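For the sequence shown, the positions run 5 to 140 when the working numbering is used. Think of the CB as a built atom: it goes at the ideal place given N, C-alpha and C, for glycine as much as any other residue. Since the structure is predicted, the reported quantities are computational estimates derived from the model, not experimental observations. Structure record follows, encoded as structure tokens.
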Amino acid sequence: MRTATVRRTTSETDISLSLHLDGDGESDVKTGVGFFDHMLTHIARHGLLSLTVSATGDTYIDDHHTVEDVGIALGQALRDAVGDKRGIARYGDATVPMDETLVLCALDFSGRGAFYTDLQFPDTRIGPTFASELVA
């Protein structure tokens with residue numbers, strides 16, 4: 005069963021995250037950061053993953069620590085859930101039109117960390133509160 009549970013506690017955040025790769029798209033996401041919850045829910049729904057996230061953080065300062073630490077926990081859970089990667093294609097890509105956005109994503113699941121983006125945001129905020137710098 006390709007599942008993992010991660011607990012991450014720092015001086016800024018306390019996170020519990022469960023991931024089931026062969027899920028049904030259901031999620032229960034509560035990070036205290038509305039737009040981030042929305043995006044994580046979409047990842048679960050469209051990826052047919054089951055995802056549970058409970059996070060508390062110092063969002064009274066800003067959302068950075070919560071978004072960063074949930075991202076770290078999600079990465080750890082994904083790594084743990086795939087195990088030895090047997091049966092998983094190393095490379096994949098997708099082009100997805102959603103709302104007013106077109107995204108091209110190519111992944112190499114080799115385990116070497118790298119991230120490249122060419123995102124351009126017309127504003128410093130997505131919605132009323134989410135800092136666009138937290139996306140990339």
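Of the listed residues the options, nearest to residue i (C-alpha basis)
i	options	result
L21	V57, E104, H68	V57
L55	K34, F119, V71, R129	K34
F134	A85, G36, A118	G36
L123	D112, A98, T7, L138	L138
G43	A93, G75, G87, P126	Looking at the sequence itself, residue 43 is Met, so the reference to Gly does not match. Cα-wise, what sits closest to M43 is G75.
R83	E16, L23, D18, G27	L23
Rounded C-alpha distance that separates residue i from residue j
i	j	result
H50	F39	16 Å
G131	G79	26 Å
L53	D41	15 Å
A118	R11	24 Å
Per-residue DSSP class, three states only, for residue i
i	result
T133	coil
T63	coil
R12	strand
T128	coil
T99	strand
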